[in-house]
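Notes for the one structure printed next.
In our numbering, the protein residues as written are 2 to 267.
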């Protein structure tokens, strides 16, 4: 018998049937493998395979670099804005910056007579404001070169230190040790700073500068640093060169008239 191809015009050679079936998986004798299949037909005999249309993958714009650029821009604007604000704040007179501290008491405005200074008196002095912030004081000042005193000191010596531009940090004797340590870290190694416990405080911590006072509840209060930054040295009524060394280093609430600071030799 003869087999015609789908093309019609082309003819395959006549194949004589022998009556025998070819072994499975083998082409019949004289036939080439794959013969009789239209070009492009699958091996499963399901007809011609349709061409595969390439799928175009749309690569969207990456948002990573854009987000990073925006974040950097926001940070830069914030830094510049803060720098401008800080520069503006720093350009204000220190008295104005001091009055802006929340809770500060300005005795220079409340009692101008109290803060005149240069009023030296021997012996114990009665102060209406405790801890005192100004007024008459002993001729000898308390050493204020970052001194942390473990016991109360004489008001009369400490007030003289305030007149020289020092910040005096006082605290209740029962203040927790970790709070005391935080306060001490602000004092040690810093000229025009001293610290001591003080009996009878109505708040756990009280800060004094000449004519100013701020009372707070704990050592983490950010106003402490602002008080120190603004008033240390600035509050002096004797100028920035007023001494803090060569002062009294003794503790005790009784003024030591017998211990006078050693004035520098010319």
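Glycine included, C-beta positions come from ideal geometry on N, C-alpha and C.
Only a predicted model underlies this, so the values are computations on that prediction, with no experimental measurement involved.
In terms of CA proximity to residue 223, 184 leads the group 197, 247, 117, 184.
For residue 110, the number of other beta carbons within 10 angstroms of its own is below 16, and it is reported as exposed. Taken in chain order, the whole beta strand (DSSP E) runs of length 3 or more contained in the region 141 to 209 are 146 to 149, 168 to 172, 194 to 198. Short of 6 Å from the beta carbon of residue 138, and not among the five residues preceding or following it, lie these beta carbons of its own chain, in chain order: 157, 160, 161.
Here residue 194 is near residue 167, since their CB atoms are less than 8 Å apart. 8 Å or more divides the Cβ of residue 124 from the Cβ of residue 238.
Three or more beta-carbon pairs drawn from the region 224 to 243 and the region 166 to 182 are found closer than 8 Å, and the two stretches are therefore classed as touching.
Counting along the chain, residue 216 sits inside the beta strand (DSSP E) bounded by residues 213 to 217. Linking residue 213 to residue 116 through their CA atoms gives a straight-line distance of about 10 Å. For residue 128, there is no enclosing alpha helix (DSSP H), as DSSP gives it neither H nor E.
A straight line joining the alpha-carbon of residue 205 with that of residue 71 spans about 46 Å. By the neighbour-count definition (other C-beta atoms within 10 Å, threshold 16), residue 99 is a buried residue. Residue 65 sits in a helix when the DSSP states are folded into three classes.
Just so you know, the alpha carbons of residue 179 and residue 218 end up roughly 14 Å apart. When only Cα atoms are considered, residue 251 and residue 152 end up about 9 Å apart.
In the DSSP annotation of this structure, the continuous segment of the alpha helix (DSSP H) that includes residue 225 starts and ends at 224 to 232.
At a Cβ-Cβ threshold of 8 Å, residue 95 and residue 249 do not count as neighbours.
Judged by their CB atoms, residue 154 and residue 187 are not nearer to each other than the 8 Å cut-off. Cβ-Cβ distances below 6 Å link residue 173 to 202, 205 in the same chain, with the five nearest sequence neighbours on each side left out; the list follows chain order. Residue 74 and residue 93 have their C-alpha atoms spaced approximately 29 Å apart. A distance below 8 Å separates the beta carbons of residue 209 and residue 134.
When 198, 246, 113 are compared, the shortest CA-CA separation from residue 253 is found for 198.
Listed in chain order, the non-local C-beta contacts of residue 220 below 6 Å within the same chain comprise 180, 183, 184, local neighbours out to five positions each way being set aside.
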